[in-house]
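A.B. asks: Take a look at this one; I'll ask things after.
Residue numbers (our numbering): 241 to 542.
Structure representation (structure tokens):
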């Protein structure tokens with residue numbers, strides 16, 4: 241995958257959002273050998289590998305269309321201009337507090353996945369076309385040494401969500417609804433339960449993603465051929481490119497819920513996954529506890 245999304249852009253296919261005060265930027269991972277085609281030597285940060293430069297631009301930067309042009313031209317030569325991207329939204333506190341529902345993205349990511357550690361899935365329940373819907377049939381097995389220890393919430397590459405025991409206790413104390421905390425077994429032949437972590441499972445009714453939500457392969461590719469969308473509606477695209485628009489009538493008022501439709505793709509241990517959603521109450525608790533490495537996005541109920 242070339243990137244992960246969170247965006248509104250001045251290009252036509254990334255417009256149409258609410259007139260918020262939030263500031264949007266897009267982070268590109270540009271090939272260092274090609275960066276001088278568009279950027280000054282003092283722009284961005286060269287990553288430790290020495291081959292990639294991280295640059296962050298406002299989404300209305302006049303050079304963004306040129307990024308698209310250069311990438312398309314270089315791809316025809318078997319090269320890349322950018323190998324990764326991420327569009328970020330920077331909200332004011334007032335915007336976050338006034339939102340009815342928020343998307344909760346976990347930036348603390350680790351591997352190996354549960355499947356690689358002995359977790360079993362029933363693939364017979366998954367869609368033959370998109371791979372979404374496999375059922376987890378055992379407790380989650382993980383190498384818990386690989387979980388970012390300072391993160392209260394984290395996920396595997398396969399989007400198996402975990403929560404620290406301390407944070408789970410706080411959720412129970414504060415009456416957070418829509419969540420269940422299930423055992424995690426330590427990877428290995430003994431498969432012992434761990435005390436420090438639980439699997440986070442959503443128990444609330446899922447919420448439909450409305451068609452006004454924009455999805456695509458990257459900020460410049462809306463997947464007009466629908467190659468990454470499930471014809472049965474299980475997967476709406478590889479990435480979400482706009483704020484989420486959700487069906488109001490589906491939301492049962494729980495503090496934690498998720499989308500009915502998935503994003504992503506089935507490839508190796510990667511699986512299509514739903515998107516996490518939370519209430520302002522849960523957001524306030526996470527803020528109070530200073531839980532780090534979260535990407536919070538406003539979601540719209542309609």
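Cβ coordinates follow ideal geometry from the N, Cα and C atoms, glycine included.
For the candidate residues 399, 459, 478 and 393, whose alpha-carbon lies nearest to that of residue 437?
C.D. replies: Comparing Cα-Cα distances from residue 437 to each of 399, 459, 478 and 393, the minimum goes to 393.
A.B. asks: For residue 472, which three-state DSSP category applies?
C.D. replies: coil
A.B. asks: Helix, strand or coil: which one does DSSP assign to residue 294?
C.D. replies: Three-state DSSP puts residue 294 in a strand.
A.B. asks: Could you tell me the distance, in whole angstroms, from the CA atom of residue 487 to the CA atom of residue 415?
C.D. replies: 25 angstroms
A.B. asks: So what does DSSP say about residue 394, is it helix, strand or coil?
C.D. replies: DSSP, read as helix, strand or coil, puts residue 394 in strand.
A.B. asks: I think residue 322 touches residue 286, with their Cβ atoms under 8 angstroms apart; what is that distance to the nearest whole Å?
C.D. replies: Not confirmed; about 14 angstroms, so no contact.
A.B. asks: Taking the alpha carbon of residue 451 as the reference point, which residue from 484, 369 and 343 has its own alpha carbon closest?
C.D. replies: 484
A.B. asks: Name the two residues that bound the continuous beta strand (DSSP E) containing residue 538.
C.D. replies: 534 to 541
A.B. asks: Helix, strand or coil for residue 420, going by three-state DSSP, please let me know.
C.D. replies: strand
A.B. asks: Quick one: which unbroken beta strand (DSSP E) runs of 3-plus residues sit fully inside the region 321 to 408? Chain order, please.
C.D. replies: 322 to 330, 341 to 346, 380 to 382, 393 to 396 and 401 to 404
A.B. asks: Leaving out the 5 sequence neighbours to the left and right, which residues in its chain are closer than 7 angstroms to residue 518 when beta-carbon positions are compared?
C.D. replies: 342, 344, 495 and 496
A.B. asks: Does the structure place the region 424 to 435 close enough to the region 295 to 306 that three or more beta carbon pairs sit under 8 angstroms?
C.D. replies: Touching, no.
A.B. asks: With a Cβ-Cβ cutoff of 8 angstroms, do residue 391 and residue 530 count as a contact?
C.D. replies: no
A.B. asks: Can you tell me which of 266, 541 and 369 puts its alpha carbon nearest to the alpha carbon of residue 492?
C.D. replies: 541
A.B. asks: Can you name the start and end residues of the beta strand (DSSP E) that residue 438 belongs to?
C.D. replies: 437 to 442
A.B. asks: Pull up the distance between the alpha-carbon of residue 398 and that of residue 511, whole angstroms please.
C.D. replies: 6 angstroms
A.B. asks: Would you give the residue range spanned by the alpha helix (DSSP H) that residue 266 belongs to?
C.D. replies: Note, residue 266: premise wrong, no alpha helix (DSSP H); beta strand (DSSP E) at 263 to 271.
A.B. asks: Just checking my contact of residue 353 with residue 362 at CB under 8 angstroms: how many whole Å lie between their CB atoms?
C.D. replies: 16 angstroms between Cβ atoms; not a contact.
A.B. asks: Quickly, what does DSSP pair residue 507 with across the bridge? List them, please.
C.D. replies: Partner(s): 510.
A.B. asks: Excluding the 5 residues preceding and the 5 following residue 506 in the sequence, name in chain order all residues of the same chain whose CB lies nearer than 7 angstroms to its CB.
C.D. replies: Once the five neighbours on either side are set aside, the close Cβ partners of residue 506 are 370, 371 and 512.
A.B. asks: Give me whichever residues DSSP pairs with residue 491 in a beta bridge.
C.D. replies: DSSP output for residue 491 lists no bridge partner at all.
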